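A.B. asks: Just passing along the structure, written as structure tokens.
There are 2 protein chains.
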Amino acid sequence: MEKSSHETIELEMAFLVRRVTSMTSSSKSLGMLDRSAYLFLHHITSHGPAGVKALADEFQLDISTASRQAAALEQKEFLYRIPDPHDGRAYSLQITELGLQEYLDYKTIRINKMKTVLHEWSEDDRMKFGELLRKFNRSFR
Amino acid sequence: MEKSSHETIELEMAFLVRRVTSMTSSSKSLGMLDRSAYLFLHHITSHGPAGVKALADEFQLDISTASRQAAALEQKEFLYRIPDPHDGRAYSLQITELGLQEYLDYKTIRINKMKTVLHEWSEDDRMKFGELLRKFNRSFR
DNA sequence: ACTAATTAATTGTATTATACAACTATATAG
DNA sequence: CTATATAGTTGTATAATACAATTAATTAGT
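Residue numbers (our numbering), protein chains in the order written: chain A, 1058 to 1198; chain B, 1058 to 1198.
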């Protein structure tokens, strides 16, 4: 009996998460950015400043988790906060020069890892894979 | 400037891991299997009994982590161990009826989740996605 | 206008997955 | 037959997460 496409995706997804997790945790030793930190910096870099709530929503994290991540990034001086002029409770998190530098450096490392892993693939397959991954992520929201 | 395929994959991969992690952690409340447990049961179910070392290698986990996972599964009576007749240090982990049941139940839940997420996709895209995910995972080893 | 309900964020606490290091017991090689 | 390697366990630490309680500010209902 052949595996259905759903079945294959379901299984390979479990594998994938394990593999990617192990890949990122091995490089963590060298003060690397963790996954959420990377996503935060990416989001702020490409969509502009955001508050803790917005980041939590975007990444389906509990607000408390997002708050701690933001605090950690602020403490490392990768982000700084300015109070929202219209709402005394809220802050806007902005990226610092140092944060941007760190983000770009880490991104380069990640892209190079991908290049290594995918160097034998056809450009066609790589494009298709990227496209389907994006589509899959969008299907989730 | 267009994103390169590597760049797209790199970014979407970070998203994906976050999404999938959040999906599985939300269902965890109901005594669901965690990711590694699921992978262990899958592996033993489809490749036969295995020792802690083999499982650790297969999933690129530290042996201590694999040992604890195995112990947890044994404690829940999803696995049982029999001593290796040729090596007094080693054990072979086998799946119990209960473990198999749990594995199959959880698998069904996961597949159904995938069906929900992917119901608007063409079967072509689903097949291609599954295929590329498998290929990606194999590229990693 | 004033109390009630809502919201943004933080902090306390617990859990889980993980790694690394130290250790035990067995097996294999010089 | 000693020295080294291997399978597995246990101690300890860390990171990412969620949930609950709390604080301070905003918005809505009467």
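Ideal placement from N, C-alpha and C gives every residue a C-beta, glycine not left out. Given the structure is predicted, the values throughout are model-derived calculations rather than measurements.
1. Could one say the Cβ of methionine 1058 (chain B) lies closer than 7 Å to chain A's Cβ atoms, at least one of them?
2. Report the three-state DSSP secondary structure of serine 1149 (chain B) (helix, strand or coil).
3. Could you tell me which residues DSSP puts in a beta bridge with proline 1140 (chain A)?
4. Using only alpha-carbon positions, find the residue among B:Pro1106, B:Thr1078, B:Glu1177 and B:Ser1179 that is nearest to tyrosine 1148 (chain B).
5. If you check the beta carbons only, do arginine 1191 (chain B) and glutamate 1069 (chain A) fall under 7 Å apart?
6. Mark leucine 1130 (chain B) as exposed unless 16 or more other C-beta atoms lie within 10 angstroms of its C-beta, in which case mark it buried.
7. Buried or exposed for glycine 1156 (chain B), going by 16 or more other Cβ atoms inside 10 Å?
8. Quick one: which residues of the region 1114-1127 of chain B get their C-beta closer than 8 Å to a C-beta of chain A? List them in chain order.
9. Quick check: what's the CA-CA separation for glutamine 1132 (chain B) versus lysine 1164 (chain B)?
10. So that I know if they touch, is there some Cβ in chain B lying closer than 7 Å to that of phenylalanine 1097 (chain A)?
11. Just the C-alpha distance for histidine 1100 (chain A) and arginine 1138 (chain B), rounded to the nearest angstrom, thanks.
12. If you draw a straight line from the alpha carbon of phenylalanine 1197 (chain B) to that of glutamate 1064 (chain B), how long is it in whole angstroms?
13. Is the beta carbon of leucine 1150 (chain B) less than 7 Å from the beta carbon of leucine 1136 (chain B)?
14. Which residues of chain A have a Cβ atom closer than 8 Å to the Cβ of lysine 1185 (chain B), listed in chain order?
15. Can you pull out the residues from the region 1060-1072 of chain B whose beta carbon lies closer than 9 Å to at least one beta carbon of chain A?
16. What does the Cβ neighbour count give for serine 1121 (chain A), buried or exposed, with the cut at 16 atoms within 10 Å?
17. For leucine 1073 (chain B) and arginine 1076 (chain A), what's the separation of their Cα atoms in angstroms?
18. Counting only C-beta atoms, is serine 1079 (chain B) closer than 7 Å to chain A at any point?
19. Closest by CA to lysine 1110 (chain B), which one among B:Ile1168, B:Tyr1095, B:Gln1126 and B:Ser1103?
20. The alpha helix (DSSP H) spanning aspartate 998 (chain B) covers which residue range?
21. According to the Cβ coordinates, are leucine 1175 (chain B) and phenylalanine 1186 (chain A) closer than 7 Å?
22. From the DSSP output, which residues share a beta bridge with alanine 1071 (chain B)?
23. Which residues in chain B have a C-beta closer than 7 Å to the C-beta of serine 1179 (chain A)? List them in chain order.
24. Got a sec: is the Cβ-Cβ distance from isoleucine 1166 (chain A) to anything in chain B below 7 Å?
25. Using a Cβ-Cβ cut-off of 8 Å (strictly less than) and excluding sequence neighbours within five positions of threonine 1102 (chain A), which residues of its own chain qualify?
26. So which of A:Met1080, A:Glu1180 and A:Gln1117 has the shortest CA-CA distance to methionine 1080 (chain B)?
27. Roughly how many whole angstroms lie between the Cα atoms of glycine 1108 (chain B) and phenylalanine 1193 (chain B)?
28. Under 7 Å, Cβ to Cβ, is there at least one residue of chain B near valine 1109 (chain A)?
C.D. replies: Looking at the atomic coordinates:
1. Against the second sequence, residue 1058 (chain B) aligns to sequence position 1. It does not; no Cβ of chain A falls within 7 Å.
2. For the purposes of this step, residue 1149 (chain B) is taken as residue 92 along the second sequence, with counting starting at 1. If DSSP states are grouped into helix, strand and coil, serine 1149 (chain B) belongs with the strands.
3. The sequence position of residue 1140 (chain A) within the first sequence is 83, counting from 1. Beta-bridge partners assigned by DSSP to proline 1140 (chain A): A:Tyr1148.
4. Residue numbering aside, residue 1148 (chain B) sits at position 91 when the second sequence is read from its first letter. Of B:Pro1106, B:Thr1078, B:Glu1177 and B:Ser1179, the residue nearest in Cα terms is B:Pro1106.
5. As a first step, residue 1191 (chain B) must be located in the second sequence, where it is residue number 134. As a first step, residue 1069 (chain A) must be located in the first sequence, where it is residue number 12. Closer than 7 Å, so yes.
6. Locating residue 1130 (chain B) in the second sequence gives position 73, counting from the first residue. Around the beta carbon of leucine 1130 (chain B), a 10 Å sphere encloses 16 or more other beta carbons of the protein chains shown; the residue is thus reported as buried.
7. Within the second sequence, the letter at position 99 stands for residue 1156 (chain B). Buried, because 16 or more other Cβ atoms sit within 10 Å of the Cβ of glycine 1156 (chain B).
8. Of all residues in the region 1114-1127 of chain B, Phe1116, Gln1117 and Leu1118 have a Cβ within less than 8 Å of some Cβ in chain A.
9. In the second sequence, the residue the question calls residue 1132 (chain B) occupies position 75. In the second sequence, the residue the question calls residue 1164 (chain B) occupies position 107. So the two alpha carbons sit approximately 21 Å from each other.
10. Counting from 1 along the first sequence, the entry for residue 1097 (chain A) is found at position 40. For phenylalanine 1097 (chain A), not one C-beta of chain B is nearer than 7 Å to its own C-beta.
11. Position 43 of the first sequence, counting from 1, holds the residue named residue 1100 (chain A). Position 81 of the second sequence, counting from 1, holds the residue named residue 1138 (chain B). Their backbone Cα atoms lie some 47 Å apart in a straight line.
12. The residue you call residue 1197 (chain B) lines up with position 140 of the second sequence. The residue you call residue 1064 (chain B) lines up with position 7 of the second sequence. Cα-Cα distance, rounded: 17 Å.
13. Here residue 1150 (chain B) is taken as the residue at index 93 of the second sequence, counted from 1. Here residue 1136 (chain B) is taken as the residue at index 79 of the second sequence, counted from 1. Taking 7 Å as the Cβ cut-off, leucine 1150 (chain B) and leucine 1136 (chain B) qualify as a contacting pair.
14. Here residue 1185 (chain B) is taken as the residue at index 128 of the second sequence, counted from 1. Going along chain A in sequence order, the residues near lysine 1185 (chain B) (Cβ under 8 Å) are Lys1185 and Leu1189.
15. Listed by position along the chain: Lys1060, Ser1061, Ser1062, His1063, Glu1064, Thr1065, Ile1066, Glu1067, Leu1068, Glu1069, Met1070, Ala1071 and Phe1072.
16. Residue 1121 (chain A) sits at position 64 when you count from the first residue of the first sequence. So serine 1121 (chain A) counts as exposed.
17. Within the second sequence, numbered from 1, the residue matching residue 1073 (chain B) stands at position 16. Within the first sequence, numbered from 1, the residue matching residue 1076 (chain A) stands at position 19. Distance between the alpha carbons of leucine 1073 (chain B) and arginine 1076 (chain A) is about 13 Å.
18. By 1-based counting over the second sequence, the position of residue 1079 (chain B) is 22. Yes, contact with chain A.
19. Here residue 1110 (chain B) corresponds to residue number 53 of the second sequence, with the count starting at 1. The candidate whose alpha carbon is nearest that of lysine 1110 (chain B) is B:Gln1126.
20. Nothing in the structure corresponds to residue 998 (chain B), since chain B is present only between 1058 and 1198.
21. Within the second sequence, numbered from 1, the residue matching residue 1175 (chain B) stands at position 118. Within the first sequence, numbered from 1, the residue matching residue 1186 (chain A) stands at position 129. Against a cut-off of 7 Å, the Cβ pair of phenylalanine 1186 (chain A) and leucine 1175 (chain B) comes out as no contact.
22. What you label residue 1071 (chain B) is simply residue 14 of the second sequence in a count that begins at 1. For alanine 1071 (chain B), DSSP assigns no beta-bridge partner whatsoever.
23. Here residue 1179 (chain A) refers to the residue found at position 122 when the first sequence is read from its first residue. Simply none; closest approach about 10 Å.
24. In the first sequence, residue 1166 (chain A) corresponds to position 109, counting from 1. The Cβ of isoleucine 1166 (chain A) sits no closer than 7 Å to any Cβ of chain B.
25. Translated into the one-based positions of the first sequence, residue 1102 (chain A) becomes position 45. Here the set comprises Ile1152, Leu1157 and Tyr1160.
26. The count along the second sequence starts at 1 and reaches residue 1080 (chain B) at position 23. When only C-alpha atoms are compared, the closest one is A:Gln1117.
27. Locating residue 1108 (chain B) in the second sequence gives position 51, counting from the first residue. Locating residue 1193 (chain B) in the second sequence gives position 136, counting from the first residue. Cα-Cα distance, rounded: 26 Å.
28. On the first sequence, residue 1109 (chain A) is found 52 positions in, with the first residue counted as 1. At a cut-off of 7 Å between beta-carbon atoms, valine 1109 (chain A) makes no contact with chain B.
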